[in-house]
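Asker:
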Amino acid sequence: MASRLKEIVKMYGKVALGVHFFVSGVSISRFYIAIKNNASKQLAKSAGGALALSLLCHKGPFPIMVHITTTQAPLIARFLRQRKIFKTGG
1 MASRLKEIVK MYGKVALGVH FFVSGVSISR FYIAIKNNAS KQLAKSAGGA LALSLLCHKG
61 PFPIMVHITT TQAPLIARFL RQRKIFKTGG
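Mapping of the sequence shown onto full-length UniProt numbering: position 73 corresponds to residue 73, and the numbering continues sequentially without gaps.
#1: With a cut-off of 8 Å, do at least 3 Cβ pairs link the region 46 to 62 to the region 70 to 80?
#2: Ile33 and Leu53 - do their beta-carbons sit closer together than 8 Å?
#3: Given this structure, state the Cα-to-Cα distance separating Gly25 from Ala2, to the nearest angstrom.
#4: Considering just the uninterrupted stretch of the alpha helix (DSSP H) at Pro74, what are its terminal residues?
#5: With a 10 Å radius around its C-beta and 16 neighbouring C-beta atoms as the bar for buried, classify Phe31 as buried or exposed.
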């Protein structure tokens, strides 16, 4: 799984990293919002506690995020190359 991600990053470079960081950001944000909305009052008082917990929860769906990155990075790279916005190998 991690080797596939490294291969995609090597092949598509900044596009693959951008896709992966975007997917990770969405994941962390969703967990943070869910935790803040359903957390106890003590945890809700400290934003750092909710953020730390959301980062821990974010690690669970890593295989899904890698799959999204490996399937979407080539499509986005092709789209950007066709529009001559970005040049990547692959």
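Cβ coordinates follow ideal geometry from the N, Cα and C atoms, glycine included.
Answerer: So, from the listed chains and residues:
#1: no
#2: The residue you call residue 53 lines up with position 53 of the sequence shown. The residue you call residue 33 lines up with position 33 of the sequence shown. No.
#3: Mapped onto the sequence shown, residue 25 falls at position 25. Mapped onto the sequence shown, residue 2 falls at position 2. If you take the alpha carbons of Gly25 and Ala2, they lie about 18 Å apart.
#4: Here the question's residue 74 lines up with position 74 in the sequence shown. For Pro74, the enclosing alpha helix (DSSP H) begins and ends at Phe62 to Gln82.
#5: Counting from one through the sequence shown, the residue named residue 31 turns up at place 31. Looking at its Cβ environment, which holds 16 or more other Cβ atoms inside 10 Å, Phe31 is buried.
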